[in-house]
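All letters in the first sequence, in the order written, are residues 15 to 300 by the working numbering. Backbone N, C-alpha and C define an ideal beta-carbon position, used for all residues, glycine too.
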Amino acid sequence: MRKLLFIVGPTATGKTGLGAFLAQKFSGEIISADSRQVFKGMDIVTGKDRPAGVRLHGYDLVKPDEDFSVAHFVAFAQPAIEKIWRRGNLPLVVGGTGFWVKALTEPIDTIAVPADHHLRKKLEAFSAPKLLKLLKQLNPQKAASLNASDRLNPRRLIRAVEVATHLQGLSLKVEKPLAADTLLIGLTASLPVLDARVEKRVGQRLKSGALQEWSRLKKKYRQDLPSMSAIGYRQLPDVNRWITAERQYLRRQLTWFKKVKEIAWFDVSSKNFRAKVETRVKAWYT
RNA sequence: GCUGGGGUGGUGGAGUGGUCAAACACACGAGUCUGUAAAACUCGCGGCGCAAGCCUACCCAGGUUCGAACCCUGGCCCCAGCA
C-alpha cells in the first residue's frame, strides 16, 4: 500500500527541518500544509523555510488577495501526492494547519459548495441569533447539531447558511479520501521550551527583514483579507504583541492536535530526537 | 522641601457611602471546529465548594457611620510641576 507520512505539531518545533531530513533519508518530497505560506510574497513573517536539495510543494500558490481555503488545498495536495507516488517517492505532508491536514484523509462532505461572496456580504450584517434562526428554517438538522460555541459564531453560521442555500441543486461529488498507509509524527516540547523557541524565531525573522516585508504588504493589500490576518502582520510593528500572538496560536494548535489519537509524539528537545523519529519511520516504511 | 494628582485583581483601568469579588480591556487557563482554520467562536479566571453558599479583599493603622474601596486623621510609597 502506498505510504503517506505526516509531520504535524505547533509552530516553532522545526517541522520543515525534520521533513527535509526525512525526505533525504527516504527519498521524499514535502507538501506544506500551511494556510499562510500558500501566499506569494509572505515569506519572512510566515517563516517559509526552503531547505536545499528537497522538493517542496505548497508554498506561493496564490497572491495574498486571492481566495485559498481548505477546498483549494485539497484540490492542490491530492494530485500533488499522487504525482509524488508516481515518481516513486514518499510524500511528506508537513504543516501546522490541523484542519487542512485532516481534510486530506477525512473528506469534508460539503466541500463542493463554493463561497458565495454576495450572500456572505449580505449575511454579515446579521446577528448570530438571526443567522441561527435562518439556518433553522433552511436546515433544522444542521442547526440542531451546532454546539453552544458555534451557535454564537457568525462565521460558522454564515457558512452553514451558505451550504444550506446551495446544497439542493448541487450534485455533491465528495472528494475521495486518499487511500494510503499513513503515519503521523507529532513534534512538541514542554511549553517553556516552545515559548522560548517562538521568541527566538521572531527575533530571527525581524533580523531577516520582517518589518520591511510587513510595511510593503501593508501598503499593497487591504487589511481585511484573510491572508493579512496572518500572525505577525496584524501585530507589527509591536514585536511583543507578535510574540504573544504566536504563543497563543501555539496553544490553539496543541489543543487541536492533542485530540488526534493517531499521532506519535516526539519531544524535539530530547536528545537524538531525529534519530528516534528516523527509526520510527523506518519501521513503518519498510 | 513646597504644590497638585494618585495608591483597587497578573496588567491597564472603572467604581467615589449600601445593589462590589470589582464594569471594560489585555494577559492567562480550558475548549469548539466539515470551504476564511495563523481564522472565527465559547467558557473560566480571589480562596474553598458539584452547587446553594461561605470566607478573605480595594497601601498600612486608627476613626466616623446601622453600613466605607469610597468620608475623616496619621503614616508609608508613587507621579507631575515648582524649588
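In this structure, Gly112 is the residue among Gly112, Gln226 and Val295 with its C-alpha nearest to the C-alpha of Leu264. DSSP, reduced to helix, strand and coil, places Val216 within a helical segment of the structure shown. CA-to-CA, the gap between Ile199 and Ser284 works out to about 15 Å. The C-beta of Glu96 has fewer than 16 other C-beta atoms within 10 Å across all chains shown, which makes the residue exposed. Here DSSP, grouped into helix, strand and coil, assigns Gly200 to strand. The beta carbon of Lys77 sits closer than 6 Å to those of Lys54, all from its chain and outside the five residues before and after it, given in chain order. Counted as a single uninterrupted DSSP element, the alpha helix (DSSP H) harbouring Ser229 occupies residues Ala224 to Lys234.
For Ala278, no alpha helix (DSSP H) segment is defined; the enclosing uninterrupted segment is the beta strand (DSSP E) at Ala278 to Asp281. Shown here for Pro191: same chain residues with a beta carbon closer than 7 Å to its own, the five before and five after excluded, namely Thr119, Glu120 and Pro121 in chain order.
By the Cβ-count criterion, Glu176 is buried, with 16 or more other Cβ atoms from all chains shown falling within 10 Å of its own Cβ. Of the candidates Arg261, Val295, His71 and Phe280, the residue whose Cα lies closest to the Cα of Leu197 is Val295. Secondary structure note for Phe53: it is in no alpha helix (DSSP H), with a DSSP letter that is neither H nor E.
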